[in-house]
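J.: Chains as they are written, first to last, in our numbering: chain B, -17 to 162; chain F, -17 to 162.
The beta carbon of each residue, even a glycine, is placed where N, CA and C say it ideally should be.
Protein chains: 2
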Amino acid sequence: MMAHLTVSVEYGIHCLLWLASSAETALSSRDLAELQVISPSFLAKIFPKLEKAGIVEASEGVRGGYRLALPLEDISVLQIVDAIEGDKPLFGCQEIRHRCATFGDAPPTWATSGVCAIHAVMLKAEKAMRDELAAHSLADLATTFAGKAPTEFITQVQDWMKERVSARKPGRRTKLEAPS
Amino acid sequence: MMAHLTVSVEYGIHCLLWLASSAETALSSRDLAELQVISPSFLAKIFPKLEKAGIVEASEGVRGGYRLALPLEDISVLQIVDAIEGDKPLFGCQEIRHRCATFGDAPPTWATSGVCAIHAVMLKAEKAMRDELAAHSLADLATTFAGKAPTEFITQVQDWMKERVSARKPGRRTKLEAPS
DNA sequence: GAGCACGTACTCGGATAGGTGTTGTCCGAGTGATGCCGG
DNA sequence: CCGGCATCACTCGGACAACACCTATCCGAGTACGTGCTC
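#1: Could you have a look at B:S58 and say whether DSSP puts it in helix, strand or coil?
#2: Is the CB-CB distance between F:A(-15) and B:E114 below 9 Å?
#3: Here's a check: name, in chain order, each residue in its chain whose Cβ is nearer than 6 Å to the Cβ of F:S11, leaving out the five neighbours to either side.
#4: If you drop the 5 nearest sequence neighbours on each side, which residues of the same chain put their C-beta closer than 6 Å to that of B:E145?
#5: According to DSSP, which residues form a beta bridge with F:S119?
#6: Below 8 Å on the Cβ atoms is my contact criterion, and I expect F:T34 with F:I66 to pass it. Report the Cβ-Cβ distance as a whole number of Å.
#7: In terms of DSSP beta bridges, what is F:F85 paired with?
#8: Considering only DSSP beta bridges, list what F:A149 is partnered with.
#9: Which of the three DSSP states is assigned to B:R79 in this structure?
#10: Taking DSSP as the reference, what is the three-state secondary structure of F:L(-13)?
#11: Mind listing the chain B neighbours of F:P171? Cutoff is C-beta to C-beta under 9 Å, in chain order.
#12: Give the secondary structure of F:G74 by DSSP, where H, G and I count as helix, E and B as strand, and everything else as coil.
#13: So does F:L72 have its beta carbon nearer than 8 Å to some heavy atom of the ligand SAH?
#14: Exposed or buried, which one is F:M104 when buried takes at least 16 other CB atoms within 10 Å?
#15: Could you list which residues in chain F have their beta carbon closer than 8 Å to that of B:L251, in chain order?
#16: Residue range of the alpha helix (DSSP H) that F:S41 falls in?
#17: Is B:I28 close to chain F? Criterion is C-beta to C-beta, closer than 9 Å.
#18: When the Cα of F:V38 is compared with those of F:G46, F:A51 and F:G47, which residue comes out closest?
#19: Do we get a CB-CB distance below 9 Å when we pair B:V38 with the residues of chain F?
#20: Is B:V139 near F:F73, with beta carbons less than 9 Å apart?
#21: By the DSSP assignment, the beta strand (DSSP E) with F:L50 in it spans what residues?
#22: For F:F24, return the contacting residues in chain B, with the cut-off set at a CB-CB distance below 7 Å.
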C-alpha cells in the first residue's frame, strides 16, 4: 500500500530512535537493518539523506556508523519527513483553470492571476498536516517508547549491538580463519 | 509529479464546480472533458465514483449526463477526495516494532499492544489534514470562483454547453448527413 | 395518425498500456582501523 | 622495536530490476430517447 509518507520514513524514524538510545557508540546502517530485519541495502540509501539534512553524522571506517547530530528535542518529525521525502507536495495543481474551450489562444488574466481556489484549500490542508508533524519531536517519541518497552529490553539490544561491533575484526586474517 | 491527492481529484472538483453553475441541465462527462481540454475516457472513470458516493446523480440516454445530488453547502472537499481516492491513508504503518532480532519467535505483548508511537503521530497529522479539507465546501469554492470570473464568462460557457447539447440529434439520419 | 423498429449518444465496466515513483539488490570507489611483515 | 603495507569493514554513490499505482485509451454491454418507417 503505497502512501504519501512511505516506508522509508518509517525505517528512518525507527533507526533514529535506536540511535537515540545509543548516544556514545555509533551504529552502522547494516547493524540497524539486521536488528530490525530490514533490507540493509535499502536502509543504506536512506541515511545519506538524513546526514545531508544535518540530523545524523557519519563516521567512516571499521567501528564507524551513525550517531545523532542534534539533541532529541531539536529533531522534529517534519524535519525527518522532509529530509527523506524531499518536501513532496500534497497536491500537484495542474492549473486546469488555464485550459477552457471558450478561451481562444491564451487564457484571460483573471484565470491565471493568484492561486487556484482548489489549490489554496489543498495548501491549507498540507500546512495543517505539516504543522502537526512539526509539533512532535524525536524526544516525544523516545519517551513514549521508553514508557512501553521494559528497560531490560533496551540494555538487551545494546548488548546485541556491542557484540556485533566487537565481532568485527579488521586486518588480514587469511591464516586465522575458521577456528576449531 | 505524482502526489497524494492526484489529478483525478482536481478533475473531479473542477467538474463539480461546472455542474454547480448549471443547476437545471445535466452535463455529460464528455462535454465536461472537452470544455476543460481533458481526456474524456479518463474523466468517465471518475464520475461513477462520485455517483456511488451520492455526490452526483446520473441520467442516461441522449440528453443525459450528471447533475449535483446535494446542495453545494453539503458537499465538502473531504467527501470528494474520499469518493475519488477511496480513503487512502497518509501513512501505511508496516509495524516494524514487531520485528526485532532480539525477539525470538514471537514479539512480546508490550511491542504489539496499542498503536505504534510513530503511527500515532502520523494519524494525528492525517486527521489535521482531513479536518481542514472537511472545513471547506463546494459552496466556498463556487463563491471564490464567482468572485474572480466575470459573469459573462459563466453565461458564455453555458451557451457553449447548450449548443453542444442541442447539436445531438439521435435517431437514424443516414440520408440526412452532411448538409450543404 | 399510432405504434414499432432502428440508430444514436449516453453510462457503466473491463482490458490494456505507458509513465512515474517506490522498494530492493548489486557492485565499485574511497576511507579508516587493525594486524602482519620488513627494516 | 617500529613504520609501512595489506586487508577488512564501513560509507558513499550509481546502476539496475521488480513492483505498484496513476494516467490514459480503447472497446463492448446495457439503456434512454428521438426519428423514420410501417400498418
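T.: By the coordinates alone:
#1: Per DSSP, reduced to three states, the secondary structure at B:S58 is strand.
#2: For F:A(-15) and B:E114, no; Cβs fall outside 9 Å.
#3: L25, A26 and F29
#4: none
#5: F:S58
#6: Note that residue 34 of chain F corresponds to Lys in the displayed sequence, not to Thr. Between F:I66 and F:K34 the Cβ distance is about 10 Å, and since that is not below 8 Å, they are no contact.
#7: Answer by DSSP bridge pairing: none, since F:F85 is not bridged.
#8: Answer by DSSP bridge pairing: none, since F:A149 is not bridged.
#9: helix
#10: strand
#11: Limits of chain F in this structure are -17 at one end and 162 at the other, which puts residue 171 of chain F out of reach.
#12: coil
#13: The ligand SAH is absent from the structure shown, which contains no ligand whatsoever.
#14: buried
#15: The structure shown does not extend to residue 251 of chain B, since chain B spans only -17 to 162, so no value can be given for it.
#16: From DSSP, F:S41 is part of no alpha helix (DSSP H) but of the beta strand (DSSP E) over V38 to S41.
#17: no
#18: Distance check between F:V38 and each of F:G46, F:A51 and F:G47 places F:A51 closest, using alpha-carbon atoms only.
#19: no
#20: no
#21: Counting along the chain, the beta strand (DSSP E) containing F:L50 begins and ends at G47 to L50.
#22: Residues of chain B passing the Cβ test: none, with the nearest at roughly 12 Å.
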